[in-house]
Amino acid sequence: MQKSLFLALAGVTGIAVTATAWAQNAPGGNAANGKMLFEHVGCYQCHGFAGQGGAAGPKLVPALEFEPFALQLRMPRQLMPPYSPQALSDQQVADIHAFVKSLPGPVNRANVPLLQ
Ligand code: HEC
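Here the sequence shown is numbered in our numbering, starting from 40 and rising by one per residue.
Quick look at the structure:
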């Protein structure tokens with residue numbers, strides 16, 4: 040019920056409402072499923088298996104908050120291909136976000152004795 044209301048609202052009033060609804064009601068993500076999706080739908084091809092970035096995409100760690108993360112998937116700023124709700128549901132986006140959030144991110148040089 041809540042979900043169909045959300046979809047109806049999003050359909051009528053457009054993406055701005057969608058983004059607001061996400062911010063208020065970010066679904067809890069399953070990081071293990073997110074990891075599987077990250078590899079299955081090809082995020083890793085541009086962003087690397089650990090979100091470290093590569094020739095075709097920037098690093099993803101430390102992770103963006105959920106709202107800008109989801110917005111980038113639905114309406115990429117530039118070159119990234121968009122992922123529609125048919126390609127990735129809101130729940131799947133939340134799962135991928137949970138996975139990216141769980142990645143350790145770059146090492147702080149100050150904590151590596153050999154680099155001092
Ligand atoms: C074909 C290469 C490509 C693929 C595949 C791809 N991305 Fe991207 N991604 C990019 C590029 C390039 C950017 C830089 C902004 C832009 O072009 O929109 C980006 C930006 C991002 C950002 C914003 C990073 C920041 O710090 O602003 C996130 C988050 C992101 N991608 C997540 C994903 C996820 C999750 C997937 C898989 C569902 C994915 N991307 C698939 C190329 C890709």
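Think of the CB as a built atom: it goes at the ideal place given N, C-alpha and C, for glycine as much as any other residue.
In its own chain, which residues sit with a C-beta less than 6 Å from the C-beta of A95, not counting the 5 before and 5 after it?
-> C85
Under the three-state DSSP convention, the category G73 falls into | helix
Quick one: is A137 buried, meaning 16 or more other Cβ sit within 10 Å of its Cβ, or exposed?
-> buried
Considering only residues of the stretch 64-145, which uninterrupted alpha helix (DSSP H) runs meet the minimum length of 4 residues and lie entirely inside it, listed in chain order?
-> 70-79, 82-86, 105-113, 129-141
Taking the C-alpha atoms as reference points, what is the distance between F108 and N150?
-> 29 Å
Going along the chain, which residues of its own chain have a beta-carbon closer than 6 Å to the beta-carbon of V132, five neighbours each way excluded?
-> A109, L112
Just to check, is the beta-carbon of M75 closer than 7 Å to a non-hydrogen atom of ligand 2?
-> The ligand content of the structure shown is limited to ligand 1, which means ligand 2 is not among them.
Cβ shell of G144 (< 6 Å), same chain only, five flanking positions each side left out = V100, P101
Using DSSP with H/G/I as helix, E/B as strand and the rest coil, what is N147?
-> coil
Which residues in the same chain have their Cβ closer than 7 Å to the Cβ of G87, if we skip the five residues on either side of it in sequence?
-> G93
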